[in-house]
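J.: Protein chains in written order, with the numbering used here: chain X, 1 to 192; chain L, 193 to 384. Where is the CB? At the ideal position from N, CA and C, for every residue including glycine.
There are 2 protein chains.
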Amino acid sequence: MARANLTPAVVTAAAAELADREGFEAITLSALARHFGVQTASLYSHVRDRSALLDRVHELALGELADRVGMAIGGRAQRDALTALADAHRDYARQCPGRWAALQRPAAASTVRSEAAGRLVALTLAMLRGYQLPEAELVHATRLLGATINGFLALEVNGSFGHREPSSDVSWQRALSALDTAFRSWPTEGNH
Amino acid sequence: MARANLTPAVVTAAAAELADREGFEAITLSALARHFGVQTASLYSHVRDRSALLDRVHELALGELADRVGMAIGGRAQRDALTALADAHRDYARQCPGRWAALQRPAAASTVRSEAAGRLVALTLAMLRGYQLPEAELVHATRLLGATINGFLALEVNGSFGHREPSSDVSWQRALSALDTAFRSWPTEGNH
DNA sequence: CCGAAAACCTAACAGTATTAGGTTTGGGTG
DNA sequence: CACCCAAACCTAATACTGTTAGGTTTTCGG
Numbered sequence: 001m002a003r004a005n006l007t008p009a010v011v012t013a014a015a016a017e018l019a020d021r022e023g024f025e026a027i028t029l030s031a032l033a034r035h036f037g038v039q040t041a042s043l044y045s046h047v048r049d050r051s052a053l054l055d056r057v058h059e060l061a062l063g064e065l066a067d068r069v070g071m072a073i074g075g076r077a078q079r080d081a082l083t084a085l086a087d088a089h090r091d092y093a094r095q096c097p098g099r100w101a102a103l104q105r106p107a108a109a110s111t112v113r114s115e116a117a118g119r120l121v122a123l124t125l126a127m128l129r130g131y132q133l134p135e136a137e138l139v140h141a142t143r144l145l146g147a148t149i150n151g152f153l154a155l156e157v158n159g160s161f162g163h164r165e166p167s168s169d170v171s172w173q174r175a176l177s178a179l180d181t182a183f184r185s186w187p188t189e190g191n192h
Numbered sequence: 193m194a195r196a197n198l199t200p201a202v203v204t205a206a207a208a209e210l211a212d213r214e215g216f217e218a219i220t221l222s223a224l225a226r227h228f229g230v231q232t233a234s235l236y237s238h239v240r241d242r243s244a245l246l247d248r249v250h251e252l253a254l255g256e257l258a259d260r261v262g263m264a265i266g267g268r269a270q271r272d273a274l275t276a277l278a279d280a281h282r283d284y285a286r287q288c289p290g291r292w293a294a295l296q297r298p299a300a301a302s303t304v305r306s307e308a309a310g311r312l313v314a315l316t317l318a319m320l321r322g323y324q325l326p327e328a329e330l331v332h333a334t335r336l337l338g339a340t341i342n343g344f345l346a347l348e349v350n351g352s353f354g355h356r357e358p359s360s361d362v363s364w365q366r367a368l369s370a371l372d373t374a375f376r377s378w379p380t381e382g383n384h
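1) Spatial neighbours of F344(L) within its chain, please: C-beta separation below 6 angstroms, excluding the five flanking residues on both sides.
2) Might you give, ordered along the chain, the residues of its own chain that have their beta carbon closer than 7 angstroms to the beta carbon of A294(L), omitting 5 neighbours on each side?
3) Could you work out which residues of chain X lie near P289(L), taking near to mean beta carbons separated by less than 8 angstroms?
4) To the nearest angstrom, how far is it from the Cα of A196(L) to the Cα of A207(L)?
5) Check the Cβ-Cβ distances between T340(L) and every residue of chain X, and say whether any is below 7 angstroms.
6) Using a Cβ-Cβ distance cut-off of 7 angstroms, determine whether A88(X) contacts chain L.
7) According to DSSP, is N5(X) part of a helix, a strand, or is it coil?
8) Please check the pair T142(X) and L125(X), which I expect to be a contact at CB under 8 angstroms, by giving their CB distance rounded to whole angstroms.
9) For W172(X), does the three-state DSSP call read helix, strand or coil?
10) Should H192(X) go down as buried or exposed, given a rule of 16 or more other Cβ atoms within 10 Å for buried?
11) Could you tell me whether the Cβ atoms of Y44(X) and L65(X) are closer together than 7 angstroms?
12) Compare the beta carbon distance of L347(L) and G118(X) with 7 angstroms and say whether it is the shorter of the two.
13) So, with DSSP's three-state summary, where would you put H192(X)?
14) DSSP on R34(X), reduced to helix/strand/coil?
15) What's the C-alpha gap between A84(X) and T7(X)?
16) Could you check where the alpha helix (DSSP H) with T83(X) kicks off and where it finishes?
17) Do you know offhand how far G190(X)'s Cα is from T373(L)'s?
18) So with CB distances below 9 angstroms, who are the chain X contacts of P379(L)?
19) With a cut-off of 7 angstroms, does the C-beta of P8(X) fall near any C-beta of chain L?
20) Measure the alpha-carbon distance for Q365(L) versus P187(X) and round it to whole angstroms.
21) List, in chain order, every chain L residue whose beta-carbon is nearer than 9 angstroms to that of G159(X).
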């Protein structure tokens, strides 16, 4: 049998595809080894352990998401930019559910310092700056934005909205409207 | 050795305490068996399998959360009620992180129909009705509320906010203000 | 061409869930 | 009170999983 000639990047990519296909929990060294026609133990030449592999998938997903967000918000401002950023997240969660799930676990220290993380933060801040918030409030706005988007998508992905009417698309519009309003009329000091 | 005299409820309670102490992933039949001084296989007399056990913890947590929310929002309305409901969630997530984590996984069909779930939904709707939203919008408001609260707490619990300044308490206040504003000025038809 | 690094393997261990079937125990009934 | 049966518990086995240690093979650059 020809050898697989694996690299950390190849293993990580396969893990991401496996996660999208069969769920994040399906990322297993055994399954990957089977996929490559290799012994499980051999993977340890390319990845420190399972946890490190999941961290790599996390960072991969972060980079892909940042790419999409960058494409989406270019040239837009305020609600248009907000919608573009949020929809980019939502499309990613739907098209790559396994990768997206990888983003829900705590980021490794190295991921926090990664280029991908910095890029996504920068894009988010760029979008928010269109709302002219006080500089000191940007961090709170970022947290609210992340909480709402991730919270909504988590509920949507795991089926908490049921398949009930009305469609969650309408709820999504309402959520974006609420965020847009919040950013346009952000409370200032004294106005708790 | 005297026998443990287990019941499904006792096993579930121990699983919940284990989760709060060592994390949701630490809920393992082996660990519970060790805790009770019993063979792992013996637990299958009381619980169908691990998945069913996690579902039971989920439902237990749902009931406890509904209790707290019920206590919290009594006699309050609008922002006071919103704050009480949200803080009840937040306190629960902090004091019972393992139980709270159990709520993040998809609810079993039986849990959806459970008394606890119905009670929490009813309390949430009661709070929202104080805002005089159109009846057809209650679903969307509920989804936004759940998304924001769960999303915020998920980010807070897994340390995504870092331990950076400013404290997430301020961000929490901002999020509640945003929700309060959203509910008070909910978009009506034509007002996208 | 050859030597070293990288890729891969075998072997082993530990922990986990799960099933099948047997044993003990305790409480209600004849 | 004896018995008996259902529930509680056990033993034994299987099948995964992750992980480490150390050996073999392939490949590629000098």
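T.: So, to answer that:
1) A367
2) A211, F216, L246, V249, H250, A253
3) Per Cβ cutoff of 8 angstroms: no residues; P289(L) is ~13 angstroms from chain X at best.
4) 15 angstroms
5) yes
6) no
7) coil
8) Contact check for T142(X) and L125(X): beta-carbon distance about 7 angstroms, within the 8 angstroms limit, so the pair qualifies.
9) helix
10) Confidence is the limiting factor: at H192(X) the pLDDT is only 49, short of 50, which leaves the residue's position unreliable and the question unanswerable from this model.
11) no
12) no
13) Because H192(X) sits at a pLDDT of 49, beneath the cut-off of 50, its placement in the model cannot be relied upon, and the following sentence gives the value as read from the coordinates. Coil.
14) helix
15) 35 angstroms
16) 78 to 95
17) Only weak support exists for where G190(X) lies, its pLDDT of 49 falling under 50; the value from the coordinates is given anyway. Linking G190(X) to T373(L) through their CA atoms gives a straight-line distance of about 16 angstroms.
18) Q173, R174, S177, A178, T181
19) no
20) CA-to-CA, the gap between Q365(L) and P187(X) works out to about 10 angstroms.
21) P298, A299
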